[in-house]
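A short worksheet on the structure shown next.
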Amino acid sequence: MSELSKRITGIKPSATMAVTAKANALKAAGEPVIGFGAGEPDFPTPPHIVEAALAAVKDPKNYKYTPAAGLPALRQAVADKTFRDSGLKVGADQVMITNGGKHAIYATLATLLNPGDEVILPAPYWVSYPDQIKLAGGTPVIVSAPDTNGFKVTIAQLDEALTENTKALMFVSPSNPTGAVYTEDETRAIGEWCVANGVWLLADEIYEHLIYGDAKFTSAPGIVPGLSERFVIMNGVAKTYAMTGWRLGWLVGPVDFVKAATGLQTQLCSNVSNISQMAALEAISGPQEVLDVMLASYDERRKAMVSMLNAMQGVTCLEPMGAFYTFPSFTGVLGTEIGGVLVESTDQLAGLFLDHAQVAAVPGEAFDAPGHMRFSYALAMDDLVEGLTRLQDLLGKGTTG
Ligand code: GLU
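Add 824 to a position in the sequence shown, counting from 1, and you land on the number used in the working numbering.
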């Protein structure tokens, strides 16, 4: 009999991390694997940010414990940035710095939820939300947002999911894994629904700057003043500034909420690395033009990927308007054979892609959307074209898109 905690052993390890680790291990073993798994920019962290970190390493005041909620200058910079980018005026006392965006989400859920509390979670959802909700003692209530509705939930669906136990709604726009972006009107309607029903709106804004074409990022707390007592924005530098390994995120919420979250932080990790905090300070308050180059490149890859996926037999792909993922449907491939094997699920198909084309992608089952697969386009164009050409050769070219 296991002596380990049921709560911890009941956690499903992150599928995105698993696919990434597997692809990297195969690459390290000399296999020509193309990895579409990781939501991780292929760009290096911009040099001025690295310089700020180097200066921080040389400054002895960074060798000591610092305040649990974060360096005062960084908390103020996040408050300023929240006004700049989300249109929401907040004080530095409404900000807590965390070890990456994932930690901000967990700290938020742990601070808010009591046993029995329900969190409405639109699916397809990012793999870590349900486990984090459960770990924090809550219950995820999944609402399906299919591609026929652009991967977005409607107010009618939220009404249907609402119970007396509903505590919060997870609102993610731009979305991981679908790249869907809610319009300003849709965002306002969802924010007002939360206000009307006394539901906390938890806004994961990590992809706020990765927006394409005519789409526009809107922060629900920024445009719905009634949310001021029941909102949390969760964010970080990882995706925008190519800083995944620096582990630096933050949450922004009402003062009492941040005070409680900081109490938890004092017991968990004291403070986030001062070096990463100083790098993040430069990232969010230094020159923002560095984003333009990366964004232009993602946009080019996005267009190439959508067109190559739609040219595959049995595959259809909606155009994502944000983040750096496509989320094509492979339902037209199910029931066919690959290498003499009948394809029955996208989970199985992901394995076949790895075996027959040395291509790694994350199956839709991980995001509660079987029939789909997630492909990141945060990889070099040459690799992207090579990987998708291999899949075109495997599946054949078709006209379904
Ligand atoms: N958020 C990224 C992804 O979805 C990084 C991996 C993870 O944290 O899950 O691929």
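Cβ atoms here follow ideal geometry from the backbone N, Cα and C, with glycine treated the same way.
Beta-ladder partner(s) of residue i, from DSSP
{"i": "Asn1059", "result": "Trp1074"}
{"i": "Met1197", "result": "Pro1187"}
{"i": "Glu1210", "result": "Bridge partners of Glu1210: none, in fact."}
{"i": "Leu1166", "result": "Glu1161"}
{"i": "Asp1028", "result": "Val996 and Met1058"}
{"i": "Ala947", "result": "Ser968"}
{"i": "Ile1035", "result": "Gly1146"}
{"i": "Thr978", "result": "None, per the DSSP bridge assignment."}
Residues near residue i by beta carbon distance below 7 Å, same chain, minus five either side
{"i": "Pro837", "result": "none"}
{"i": "Leu898", "result": "Ile921, Gln1101, Ala1104 and Leu1105"}
{"i": "Cys1093", "result": "Asn923"}
{"i": "Gly1220", "result": "Gln1137"}
{"i": "Asp866", "result": "Ala1202, Leu1203 and Ala1204"}
{"i": "Ala1181", "result": "Arg1214, Leu1215 and Leu1218"}
Neighbourhood of residue i by C-beta distance below 6 Å, restricted to the same chain and skipping five residues each side
{"i": "Leu1158", "result": "Val1167"}
{"i": "Gly913", "result": "The displayed chain sequence assigns Lys, not Gly, to residue 913. Same-chain partners within the cutoff: Phe907."}
{"i": "Ala960", "result": "Leu933, Ala934 and Leu937"}
{"i": "Pro964", "result": "Val943, Leu945, Pro954 and Ile957"}
{"i": "Val996", "result": "Asp1028"}
{"i": "Val951", "result": "Ser838, Ala839, Thr840 and Ala1190"}
{"i": "Ser1109", "result": "Ala901"}
{"i": "Pro1001", "result": "Pro948, Tyr1149, Phe1151, Phe1191 and Arg1198"}
{"i": "Gly1046", "result": "Ser910, Gly911 and Leu912"}
7 Å Cβ cutoff met for residue i and residue j
{"i": "Leu1208", "j": "Arg1126", "result": "no"}
{"i": "Met1145", "j": "Tyr1036", "result": "yes"}
{"i": "Tyr1201", "j": "Phe1148", "result": "yes"}
{"i": "Pro870", "j": "Val1114", "result": "yes"}
{"i": "Ile1099", "j": "Ala877", "result": "yes"}
{"i": "Trp1024", "j": "Ala992", "result": "yes"}
{"i": "Gly925", "j": "Val1186", "result": "no"}
{"i": "Gly1015", "j": "Leu1051", "result": "yes"}
{"i": "Ala916", "j": "Ala931", "result": "no"}
{"i": "Tyr1031", "j": "Pro998", "result": "yes"}
Rounded straight-line distance, which links the Cα of residue j to that of residue i
{"i": "Thr840", "j": "Leu850", "result": "16 Å"}
{"i": "Val1139", "j": "Pro939", "result": "42 Å"}
{"i": "Asn989", "j": "Arg1054", "result": "15 Å"}
{"i": "Asn848", "j": "Ala1013", "result": "42 Å"}
{"i": "Leu933", "j": "Met1118", "result": "32 Å"}
{"i": "Ile944", "j": "Lys885", "result": "43 Å"}
{"i": "Ser829", "j": "Gly911", "result": "43 Å"}
{"i": "Thr1068", "j": "Ala1044", "result": "25 Å"}
{"i": "Arg1214", "j": "Leu1178", "result": "11 Å"}
{"i": "Asp883", "j": "Lys976", "result": "47 Å"}
{"i": "Arg831", "j": "Ile929", "result": "18 Å"}
{"i": "Ala1027", "j": "Gly1164", "result": "45 Å"}
{"i": "Asp1206", "j": "Met1129", "result": "11 Å"}
{"i": "Thr1224", "j": "Ala1135", "result": "The pLDDT assigned to Thr1224 is 47, lower than 50, so where the model puts this residue is not dependable; a value taken from the coordinates is nonetheless given after this. In a straight line, the C-alpha of Thr1224 is about 8 Å away from that of Ala1135."}
{"i": "Asn923", "j": "Ala1107", "result": "16 Å"}
{"i": "Asn1095", "j": "Glu1143", "result": "40 Å"}
{"i": "Ser968", "j": "Thr890", "result": "43 Å"}
{"i": "Thr1155", "j": "Ala1184", "result": "18 Å"}
{"i": "Ile979", "j": "Val1048", "result": "16 Å"}
{"i": "Leu1176", "j": "Gly1060", "result": "35 Å"}
{"i": "Gly834", "j": "Gln1137", "result": "38 Å"}
{"i": "Arg1071", "j": "Ala1174", "result": "29 Å"}
{"i": "Ile1057", "j": "Asn1021", "result": "19 Å"}
{"i": "Asp1080", "j": "Trp1074", "result": "16 Å"}
{"i": "Leu1212", "j": "Cys1141", "result": "13 Å"}
{"i": "Leu1218", "j": "Val857", "result": "15 Å"}
{"i": "Trp895", "j": "Ala853", "result": "Residue identity differs from the one stated: residue 895 is Leu in this sequence, not Trp. Between Leu895 and Ala853, the C-alpha separation is close to 42 Å."}
Which of helix, strand or coil DSSP assigns to residue i
{"i": "Gly1159", "result": "coil"}
{"i": "Tyr1149", "result": "strand"}
{"i": "Val857", "result": "coil"}
{"i": "Phe783", "result": "Outside the shown range of the chain, which is 825 to 1225, sits residue 783, and nothing can be said about it."}
{"i": "Met1067", "result": "coil"}
{"i": "Glu942", "result": "strand"}
{"i": "Thr963", "result": "strand"}
{"i": "Val919", "result": "strand"}
{"i": "Thr1086", "result": "helix"}
{"i": "Thr1011", "result": "helix"}
{"i": "Thr990", "result": "strand"}
{"i": "Gly1222", "result": "coil"}
{"i": "Thr1140", "result": "strand"}
{"i": "Cys1018", "result": "helix"}
{"i": "Gly1175", "result": "helix"}
{"i": "Val1005", "result": "coil"}
{"i": "Asp1192", "result": "coil"}
{"i": "Asp883", "result": "coil"}
C-beta neighbour in chain C for residue i, strict 7 Å
{"i": "Asn1134", "result": "In summary, chain C is missing from the structure at hand, where a single protein chain is found."}
Nonlocal neighbours in the same chain, by C-beta distance under 8 Å from residue i, ignoring five residues either side
{"i": "Gly1195", "result": "Ser1153, Phe1154, Thr1155, Leu1158, Thr1170 and Gly1188"}
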